[in-house]
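These notes concern the structure reproduced below.
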Amino acid sequence: MFNKKVLAAALAVAFSHSAIAVDLDADTGTLVIANEGIPADYEGLGVNVGSAGLDGLLDIDFKAGFSITAGTSKYVRIDLAGGTFGPSNTVALTSTNTASAVVSTGGLDGETSVVIEVTANGTGIDQIEVLTVAATDFNLNTSGNTTVVYRLYDNASDAVTGDDADALATSSGVLATYASAASGDLMVDPMDITATIASEFSRFDYDAGTPANTPNMASDSLGQLGAVNPSSYVSTSPQTYSVNLTGDYTALSNASDLLGATAVLNIEGIFPTANPDASQAEFTLNSAADCAVGTTLGPIVDADQDGVSDDIAVAAAAYGVTHYLCVDAADVDPNDDESVAKSTYKATLTGVSGAVVMGDFGAIVYDTTSVSVPYLTTYSEYNQRVYLINDSNAEVAYSTSFQSEAGVTATPKTASAGTIPANTVLSLKASDMVELTGKTRTAAVIELEAVSESVRVVTQNINLSDGTTDTTVLHDGVNNALLP
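The following block contains the structure:
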């Protein structure tokens, strides 16, 4: 059954040959609709998007493939896959030597095929004669391809059956497809910035593995996560089209064609509330890479704290501006238990046309202590424990990732992440950290949000059959008194 999640494209096309029609023999002319132009909330409600016409873009050209003698008839069958004919459809076939072309059956709303009786005139229709089928309505899937197959038959009954074996000639191609309009990236130089443990996550370190394109920031309280710039996003090769809800279509050549006169930018991530006080880091969009001097949009806030910023209006005149996502932590005071939140940041730009484009900024990360655990086992004859020792006066968050050999699946369990209270030893059973299938062993990396000197990690294996114990210090810190 045809997928009802379709985009009803009332695509009024001319009943004559067009140089930009879909050519089944040359495999050219496919209509490419921009993915970004499909409404994000589309639920298969039959949105009419093409009543203004696509000027022959969905005409179907093909060579006859078999001669039709003057005064005689053959039957053309057109089949669609990934689409149907639409509710207001009419179908016509033309060629230089066509005396008449009459729809025998099909071509109605929701149908996937049409049979047309073609009678040749004059000198007849040669096998290389180009025939053109034009329909006024198509329902197109909202993703993937809508394909078309042409078959020529000697009689009506064979044409109605539609078997390949009975066809005198056949060809096929893609009528319409969906692709990104992008030729470039929406994002510019996304980069992670590191909030340091030494500053209790209130300042940034640009010497801790950040990219070579890191700007020269005036202060370690300033951070920059990359930028958004829609100007180079749109591709013209292949030419993509935006088909909107009012029935118009646009050949896309720039960001304004895709997004319209205005757009709304939303950024997913952790931001202050609508009325930030002095204790919160301030986020803005700045046209200067060093976040110091430039045109700014913001401050960026998240009034309802749903993890997505409030709307940021971007006019078409600003599409060509590189907007850097900046964070200013100058007023973050760790003495008041304040810190910069660890978070990833993702951009969504929604045009007035309904088009949506997305991309990723960098992330705010913490400089953590990484400890490799080369052997972790849930074998029932062993009782393996991992001891996490926190020698500091503050709690330490930890998380664990697993690396397994082929055929082994490691599924993290509750104890694989959490916090270690201040001046405390946390004892974790391996079987509470991970569930293993395939084999009972894996390797792991534990990330501890603390300076290396203030944490230690120890593993201990107890052989349940004989009681022997094997203790391994994986990471040693300062205070050995807390070792198990």
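Heads up: the sequence shown is residues -21 to -1, 1 to 463, going by mature numbering (1 follows the signal peptide of the UniProt record, and there is no 0). Glycine included, C-beta positions come from ideal geometry on N, C-alpha and C.
- Query: Does the beta-carbon distance from residue 213 to residue 301 come in below 9 Å?
  - Reply: By one-based count along the sequence shown, residue 213 stands at place 234. By one-based count along the sequence shown, residue 301 stands at place 322. No, the Cβ-Cβ distance between residue 213 and residue 301 is not below 9 Å.
- In the structure shown, what three-state DSSP assignment does residue 265 receive? The residue labelled residue 265 in the question sits at position 286 within the sequence shown. Reduced to three states, the DSSP call for residue 265 is strand.
- Out of 148, 119, 117, which has the shortest C-alpha to C-alpha gap to residue 132? Taking the sequence shown and counting its residues from 1, the one referred to as residue 132 is at position 153. Measuring from the Cα of residue 132, the nearest candidate turns out to be 148.
- Check the C-beta distance from residue 99 over to residue 47 and give it rounded, since I have them as a contact under 8 Å. Taking the sequence shown and counting its residues from 1, the one referred to as residue 99 is at position 120. Taking the sequence shown and counting its residues from 1, the one referred to as residue 47 is at position 68. Going by Cβ atoms, the distance from residue 99 to residue 47 rounds to 4 Å, so yes, they are a contact pair.
- Message: Would residue 414 and residue 389 qualify as a contact pair, given that the criterion is a beta-carbon distance under 9 Å?
- Response: As a working mapping, residue 414 is identified with position 435 in the sequence shown. As a working mapping, residue 389 is identified with position 410 in the sequence shown. Yes, the pair counts as a contact, with Cβ atoms nearer than the cut-off.
- Task: With a threshold of 16 other CB atoms inside 10 Å of the CB of residue 81, please say whether the residue is buried or exposed.
- Result: As a working note, residue 81 is residue 102 in the sequence shown. It counts as exposed.
- Message: Taking 9 Å as the threshold (C-beta atoms), are residue 242 and residue 209 in contact?
- Response: Counted from its first residue, the sequence shown places residue 209 at position 230. Counted from its first residue, the sequence shown places residue 242 at position 263. For residue 209 and residue 242, yes; Cβs fall inside 9 Å.
- What is the DSSP secondary structure of residue 133, reduced to helix, strand or coil? Numbered from 1 along the sequence shown, position 154 holds the residue referred to as residue 133. Here residue 133 sits in coil by DSSP.
- Among all the DSSP beta bridges, which residues are the ones paired with residue 339? As a first step, residue 339 must be located in the sequence shown, where it is residue number 360. Answer is 325.
- Query: Using 8 Å as the Cβ pair cut-off and three pairs as the minimum, do the segment 422 to 434 and the segment 349 to 363 touch?
  - Reply: yes
- Using the C-alpha atoms, what's the distance from residue 437 back to residue 364? If you number the sequence shown from 1, residue 364 lands on position 385. If you number the sequence shown from 1, residue 437 lands on position 458. Cα to Cα, residue 364 sits roughly 8 Å from residue 437.
- Message: Would residue 391 and residue 379 be called neighbours here (beta carbons separated by less than 9 Å)?
- Response: As a position in the sequence shown, residue 391 is number 412, starting the count at 1. As a position in the sequence shown, residue 379 is number 400, starting the count at 1. Yes, the pair counts as a contact, with Cβ atoms nearer than the cut-off.
- Reduced DSSP category for residue 312 - H, G, I as helix; E, B as strand; rest coil: In the sequence shown, residue 312 corresponds to position 333, counting from 1. Coil at residue 312, not helix or strand.
- Item | Beta-carbon contacts of residue 394 that lie in its chain and below 6 Å, excluding the five residues immediately before and after | Along the sequence shown, one-based indexing puts residue 394 at 415. Answer for residue 394: 407, 411, 412, listed in chain order.
- Item | Cutoff 7 Å; reference residue 88; Cβ partners in own chain excluding five residues on either side | Along the sequence shown, one-based indexing puts residue 88 at 109. Cβ neighbours of residue 88 beyond the five flanking positions: 64, 65, 66, 68.
- Since residue 161 is in the beta strand (DSSP E), which residue starts that stretch and which ends it? Working through the sequence shown from its first residue, we reach residue 161 at position 182. That residue, residue 161, is in no beta strand (DSSP E); it is neither H nor E in DSSP.
- Item | DSSP beta-bridge partners of residue 368 | Numbered from 1 along the sequence shown, position 389 holds the residue referred to as residue 368. 404, 435, per the DSSP bridge assignment.
- Query: Is the CB-CB distance between residue 84 and residue 97 below 9 Å?
  - Reply: For the purposes of this step, residue 84 is taken as the residue at position 105 of the sequence shown. For the purposes of this step, residue 97 is taken as the residue at position 118 of the sequence shown. In this structure, residue 97 does not lie closer than 9 Å to residue 84 by Cβ.
- Check residue -19 in the structure and name its three-state DSSP category. In the sequence shown, counting from the first residue as 1, residue -19 sits at position 3. Legend: pLDDT at residue -19 = 30, less than 50; position of this residue unreliable, no value from coordinates given.
- For the 8 Å Cβ check, are there 3 or more pairs between the segment 303 to 310 and the segment 263 to 270? yes
- Give me the Cα-Cα distance between residue 443 and residue 381, rounded to the nearest whole angstrom. Mapped onto the sequence shown, residue 443 falls at position 464. Mapped onto the sequence shown, residue 381 falls at position 402. Cα to Cα, residue 443 sits roughly 25 Å from residue 381.
- Message: Just to check my reading of the structure: residue 320 and residue 249 have Cβ atoms closer than 8 Å, yes? What is that Cβ distance to the nearest angstrom?
- Response: The sequence position of residue 320 within the sequence shown is 341, counting from 1. The sequence position of residue 249 within the sequence shown is 270, counting from 1. So it is a contact: roughly 4 Å between Cβ atoms.
- Query: What is the DSSP secondary structure of residue 139, counted as helix, strand or coil?
  - Reply: In the sequence shown, residue 139 corresponds to position 160, counting from 1. Helix, per DSSP.
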